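J.: The structure under discussion is supplied below as structure tokens; questions concerning it will follow.
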Amino acid sequence: MRLAVLSDIHGNLTALKRCFELIDHSNIDGLVFCGDYISDIPQSKEVLEYIKIKSKQYKTWIVRGNREDYLIDYHESPEKKWTMESNNAAILVAYQSLTEDDINDLKQIKRYEVIDIPNTDKIYVTHKYRDIKYNDKFDYKYVIFGHEHNQLFFSRKGIRFFNPGSAGLPTDGFPGTSLLILEYKNNVWCPEFYHLEYDLSIPINIIKNSNINNETIRWGDMIIRTLKTGNDCTGLYVKEVQRIAASQGLSTVLEEIPYDIWTLARQNLNME
Numbered sequence: 003m004r005l006a007v008l009s010d011i012h013g014n015l016t017a018l019k020r021c022f023e024l025i026d027h028s029n030i031d032g033l034v035f036c037g038d039y040i041s042d043i044p045q046s047k048e049v050l051e052y053i054k055i056k057s058k059q060y061k062t063w064i065v066r067g068n069r070e071d072y073l074i075d076y077h078e079s080p081e082k083k084w085t086m087e088s089n090n091a092a093i094l095v096a097y098q099s100l101t102e103d104d105i106n107d108l109k110q111i112k113r114y115e116v117i118d119i120p121n122t123d124k125i126y127v128t129h130k131y132r133d134i135k136y137n138d139k140f141d142y143k144y145v146i147f148g149h150e151h152n153q154l155f156f157s158r159k160g161i162r163f164f165n166p167g168s169a170g171l172p173t174d175g176f177p178g179t180s181l182l183i184l185e186y187k188n189n190v191w192c193p194e195f196y197h198l199e200y201d202l203s204i205p206i207n208i209i210k211n212s213n214i215n216n217e218t219i220r221w222g223d224m225i226i227r228t229l230k231t232g233n234d235c236t237g238l239y240v241k242e243v244q245r246i247a248a249s250q251g252l253s254t255v256l257e258e259i260p261y262d263i264w265t266l267a268r269q270n271l272n273m274e
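Taking this note's numbering, I'd label the letters of the sequence shown as residues 3 to 274.
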């Protein structure tokens, strides 16, 4: 039994297709998707459509990520405060690309799933492993999770945890795309981690030609830097912006921080 595990695609259709160049030739029995399919690279709708196609070809387990939650909450809120002149630009572009049916499909995705295949140990699947409530009823030996954008394999309290890394926007120092194949052999789920190269110029040009690359926040530039370096440039950027704002006695709520603070943060980080 072999399962291909993908997470944190973040609208990167090119990276997702690169993963399936391997998956489709690896005797895979099922697919596991761990959330955050949308935003950042502006091909969210195309990613969701591609996942639907592949879900018809393989037995599939899929859970919802925090990006899907953000978008659903925004859709249901009477207040629409996201703007292109903020760090919400990428998810706003994703939101504007989706139909009502697309959003309803996202709502149907559960926050956790259980892989229960005969003659194998069950696996608990979620987006954030820190959200798991460990109690006497939690009787799983294996957990698959996403969110961290790093490939991880560790054990705690007799439970083995696997993270496939980010397919669309890795931040573990390896530009490209990441995935995991789990194989059940000798009564154990065994991991095979993969980093794959692909043509980064494709998603980079898509970002450059989109309207998320505004002149005030320059959020698109930070996503491009993350793609090129495999480092969390967007995260560093946000932390520096909030640090400067706090040092000046200003609100650290990102939407309330003046544009000149964002410019100063880029200068401090040599990201201008």
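Here a beta-carbon is modelled for each residue, glycine too, at the ideal position from N, C-alpha and C.
Keep in mind that this is a model prediction, so the values were computed, not measured.
1. Let's see if you can read the secondary structure: which residues bound the alpha helix (DSSP H) around K241?
2. Does DSSP put C21 in a helix, a strand or coil?
3. For the alpha helix (DSSP H) containing R227, list its first residue and its last residue.
4. Between Y52, C36, E81, T62, which has its C-alpha nearest E70's C-alpha?
5. How big is the Cα-Cα spacing for N137 and I263?
6. Which runs of the alpha helix (DSSP H) spanning at least 4 residues fall entirely within the stretch 45-126, listed in chain order?
7. Quick check on D201 - is its C-beta less than 8 Å from some C-beta in chain B?
8. Mind checking whether W63 and I111 have CB atoms under 8 Å apart?
9. Is H12 near I55, with beta carbons less than 8 Å apart?
10. Say whether the stretch 169-180 touches the stretch 228-241, bearing in mind that this needs 3 or more beta-carbon pairs closer than 8 Å, one atom from each stretch.
11. Could you please give me the residues that DSSP links to P177 through a beta bridge?
12. For R220, I'd like the list of residues in its chain whose CB is within less than 7 Å of its CB, leaving aside the five on either flank, ordered along the chain.
13. Would you list the residues sitting across from F140 in a DSSP beta bridge?
14. Please identify the residue among S46, L108, G251 whose C-alpha is closest to the C-alpha of N14.
15. Taking the Cβ atom as the reference point for each residue, do Y114 and V95 lie within a distance shorter than 8 Å?
16. Is the stretch 184-202 close to the stretch 150-165, with three or more CB pairs under 8 Å?
17. Report yes if the CB atom of G148 is closer than 8 Å to the CB atom of D38, and no otherwise.
18. State the Cα-Cα distance for the pair G32 and R245, rounded to the nearest angstrom.
19. With distances taken Cα to Cα, identify the nearest neighbour of T16 among I206, G160, S28.
20. Is L5 near I40, with beta carbons less than 8 Å apart?
21. Quick one: give me the first and last residue of the beta strand (DSSP E) that A6 is part of.
22. Within a Cβ cutoff of 7 Å, which residues of the same chain sit near D123, ignoring the five residues on either side of it in sequence?
23. Would you kindly work out how many angstroms separate the C-alpha atoms of N106 and H77, rounded to a whole number?
24. Just to confirm the assignment, what range does the beta strand (DSSP E) spanning P193 have?
25. Within 10 angstroms of the Cβ of I261, are there 16 or more other Cβ atoms? Answer buried if so, exposed if not.
T.: Looking at the atomic coordinates:
1. 235-249
2. helix
3. 221-231
4. C36
5. 45 Å
6. 46-59, 68-78, 91-99, 102-110
7. Annotation note: the requested chain B is absent from the structure, which comprises a single protein chain.
8. no
9. no
10. yes
11. Its beta-bridge partners do not exist; DSSP assigns none.
12. R268
13. Note: F140 sits in no beta bridge, so no partner.
14. S46
15. no
16. yes
17. yes
18. 44 Å
19. I206
20. no
21. 4-8
22. K143, Y144, W191
23. 10 Å
24. 190-198
25. Here the sequence assigns Tyr to residue 261, which means Ile is not the residue at that position. That one is exposed.
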